[in-house]
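50 is the number of the first residue of the sequence shown in the working numbering; add one for each residue after it.
Single-structure report; data block below.
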Amino acid sequence: MNDDPDSSIDSPVLLELDIVFHSGDWQAKIGSVEEDAKQAVTETLRTEQRISDSQQVAAEICICLADDPFLQDLNARYRGKDQPTNVLSFPQFDLHAQDAPPSMPLGAGPLLLGDIVLSLDTLQREAAADGKALRDHFLHLVVHGTLHLLGHDHEAPEEATAMESLERRILARLGVSDPYLDESEPAALAARNVM
Numbered sequence: 050m051n052d053d054p055d056s057s058i059d060s061p062v063l064l065e066l067d068i069v070f071h072s073g074d075w076q077a078k079i080g081s082v083e084e085d086a087k088q089a090v091t092e093t094l095r096t097e098q099r100i101s102d103s104q105q106v107a108a109e110i111c112i113c114l115a116d117d118p119f120l121q122d123l124n125a126r127y128r129g130k131d132q133p134t135n136v137l138s139f140p141q142f143d144l145h146a147q148d149a150p151p152s153m154p155l156g157a158g159p160l161l162l163g164d165i166v167l168s169l170d171t172l173q174r175e176a177a178a179d180g181k182a183l184r185d186h187f188l189h190l191v192v193h194g195t196l197h198l199l200g201h202d203h204e205a206p207e208e209a210t211a212m213e214s215l216e217r218r219i220l221a222r223l224g225v226s227d228p229y230l231d232e233s234e235p236a237a238l239a240a241r242n243v244m
């Protein structure tokens, strides 16, 4: 159960979050990376309501914290884009936003949803350019990556609008201001280099 007295939803999610520090001084730059990432992933799963309140689900996600060269290599190999990016998601299941992930009974082991890989270099550049706190940008991209694992995408403008709306709602619950406030179009993700 959620120990946060301000939260109106008890969490039926038992999250196994593996954090891999591949490169970069994430702890010095952001602080409580593990705790922040777990909070962002848990809130995303809770907000998505992919599970009923009476059901407990054990989910597993791996987050790899890396740098531009590592993300550029992955981006070139898996997306055909030979440039660094801020976040890449590698879902275990081919879901669509309206799908529920496969369920596993509690005790059968966690359901692996997939991997999220982030670049500290790109996060720092983007946060500085947009005048955002690095921690807030980190939380945003963890939420963004988790939504990709759950089948959300932003290739089409209507998908981008729906995904941005979810991100805004989740981030507000995490105390992070709207990351799209200064964007000129409501579906800014479709034009951005975000995966």
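Virtual Cβ for every residue (Gly too), placed ideally from N, Cα, C.
Could you pull out every residue in the same chain whose Cβ sits closer than 6 Å to the Cβ of Ala125, ignoring the five residues on either side in sequence? Apart from the 5 residues on each side of it in sequence, Ala125 sits with its Cβ closer than 6 Å to the Cβ of Asp131 in its chain, given in chain order.
Kindly list the residues whose CB is nearer than 7 Å to the CB of Gln76, restricted to its own chain and excluding five residues on each side of it in sequence; keep chain order. Contacts found: Val82.
Does DSSP put Val191 in a helix, in a strand, or in coil? In the displayed model, Val191 falls within a helix according to three-state DSSP.
Just grab the DSSP bridge partners of Phe70 for me. Beta-bridge partners of Phe70 (DSSP): Leu114.
Considering Pro228, what are the terminal residues of the alpha helix (DSSP H) in which it resides? Segment: none, Pro228 is in no alpha helix (DSSP H) and carries neither H nor E.
Could you tell me the distance, in whole angstroms, from the CA atom of Leu137 to the CA atom of Gly180? Taking the straight line from one Cα to the other gives about 23 Å.
Just mark Asp185 as buried or exposed, buried being the case when its beta carbon has 16 or more other beta carbons within 10 Å. Burial of Asp185 is indicated by the presence of at least 16 other C-beta atoms within 10 angstroms of its C-beta.
Tell me the rounded alpha-carbon separation between Gly200 and Asp143. If you take the alpha carbons of Gly200 and Asp143, they lie about 7 Å apart.
Terminal residues of the beta strand (DSSP E) in which Asp164 lies: First-last of the beta strand (DSSP E) with Asp164: 160 to 168.
Separation of Val225 from Thr96, as counted between CA atoms: The alpha-carbon atoms of Thr96 and Val225 are separated by roughly 15 Å.
Leaving out five residues before and five after Asp67 in sequence, what residues of the same chain have Cβ atoms less than 8 Å from its Cβ? Taking Asp67 as the centre and dropping the five residues before and after it, the same chain places the C-beta of Glu109, Ile110, Cys111, Ile112 closer than 8 Å to its C-beta, in chain order.
Cβ-based burial, Arg222 [other Cβ within 10 Å; buried from 16]: Under this definition Arg222 is a buried residue.
Is it buried or exposed for Val166, if we count other Cβ within 10 angstroms and need 16 for buried? By the beta-carbon neighbour count (other beta carbons within 10 angstroms, threshold 16), Val166 is buried.
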